[in-house]
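**Q**
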Amino acid sequence: MNMNDPLGDMLTRIRNAQMRGKSTVRTPSSKLRAWVLDVLKAEGYIRGYEEVTTDAGHNELEIGLKYHDGAPVIRELSRVSKPGRRVYAGAKEIPQVRQGLGVSIVSTPKGVMSDAAARNANVGGEVLCTVF
């Protein structure tokens, strides 16, 4: 499998696992992925995650998916900035998702944070993905 976009890969794994109604999904571990998961957890989109080691000795993140009345809490998860086309936004231009119902996850100089947190901290950065 081509891994030019590890974050996009993780988002796809989450979407696929939710379509199948799985309670957890695993993705190879990385700092960026963990930071994005931190935001998803803080915003209430996932139950949480933990780092686990496979038999082969690889570190993976096991993500606890969240459902509400049997439906996934995450209705839409889309990659904004892609390896071939990076999307950057200043603090004032960070897009709102569904009039603030959803969250943009932004990679800023002060770390990976939600769009609201980035606006509050008055920092812009790379818009990684949006969640609704």
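For the sequence shown, counting from 1, position 82 maps to 82 in UniProt numbering; every step adds exactly one. Ideal Cβ placement from N, Cα and C applies to all residues, glycine included.
(1) Please classify R75 as buried or exposed, where buried requires at least 16 other C-beta atoms within 10 Å of its C-beta.
(2) What alpha helix (DSSP H) runs, 4 residues minimum, are completely inside the segment 13-42?
(3) From the DSSP output, in three-state form, read off G100 for me.
(4) Under the DSSP definition of a beta bridge, which residues are partnered with H68?
(5) Kindly indicate if chain C contains any beta-carbon less than 8 Å away from that of L37.
**A** Let me spell this out:
(1) Exposed, by the Cβ-count rule.
(2) Listed in chain order, they are 31-42.
(3) Here G100 sits in helix by DSSP.
(4) The beta-bridge partner set that DSSP reports for H68 consists of A71.
(5) Looking at the structure shown, chain C is missing, and only one protein chain is on hand.
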